[in-house]
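Have a look at the structure below, then the notes.
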Amino acid sequence: MLDIALLMANASQLKAVMEQGPSFSFYIPLIVLISISLILQIAVGVLLIFLVKYDLNNPSKHAKLDFLNNIATGLVFIIVVVNIFITAFGVQKPVAEAASRQ
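Going from the sequence shown to the numbering used here is simple: count from 1 and add 1.
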């Protein structure tokens with residue numbers, strides 16, 4: 002399910018990685034992974050809005066709704082996997098640079 006906390010965390014991680022700049026060893030992979038996660042989260046949110054709009058009482062739409070529900074579930078699984086890799090690469094502000102800025 003789309004989680005606002007995860008969306009905000011990914012946005013914060015993207016900001017932290019961009020602040021570190023290209024000198025960070027995992028700069029490009031993290032930018033790509035965080036961007037993919039954000040895009041997929043927005044896509045799942047839009048997909049869930051469409052799922053809510055359809056008439057569940059109409060049996061002719063059950064197959065389409067089941068298909069869309071399966072897509073949403075698959076996308077959520079992909080989001081979880083992508084965020085595991087984001088965590089594995091690590092997003093942190095360097096202590097030395099933060100201290101020198103003050």
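We put the beta carbon where it would ideally sit given N, CA and C, even for glycine.
Just so it is clear, the structure is predicted and the values come from calculations on it, not from any experiment.
> With distances taken from CA atoms, which of Asp-4, Ala-12, Ile-5, Val-18 is nearest Gly-91?
Replying inline: Here the question's residue 91 lines up with position 90 in the sequence shown. Check the Cα spacing between Gly-91 and each of Asp-4, Ala-12, Ile-5, Val-18: the tightest is with Val-18.
>> Between the alpha carbons of Ile-87 and Ile-79, how many angstroms are there, rounded?
In response: What you label residue 87 is simply residue 86 of the sequence shown in a count that begins at 1. What you label residue 79 is simply residue 78 of the sequence shown in a count that begins at 1. Each residue's alpha carbon lies about 12 Å from the other.
> Roughly how many angstroms separate the alpha carbons of Gly-46 and His-63, rounded to a whole number?
Replying inline: To locate residue 46, count along the sequence shown from 1; it is residue 45. To locate residue 63, count along the sequence shown from 1; it is residue 62. The alpha-carbon atoms of Gly-46 and His-63 are separated by roughly 20 Å.
> Cα separation between Thr-74 and Pro-23?
Replying inline: Taking the first residue of the sequence shown as 1, we reach residue 74 at position 73. Taking the first residue of the sequence shown as 1, we reach residue 23 at position 22. So the alpha carbons of these two residues sit roughly 34 Å apart.
>> Quick check on the burial criterion: 16 or more other C-beta atoms within 10 angstroms. Buried or exposed for Val-83?
In response: Working through the sequence shown from its first residue, we reach residue 83 at position 82. It counts as buried.
>> Mapping the DSSP letters down to three states, classify Leu-66 as helix, strand or coil.
In response: As a position in the sequence shown, residue 66 is number 65, starting the count at 1. Leu-66 falls in the helix class under three-state DSSP.
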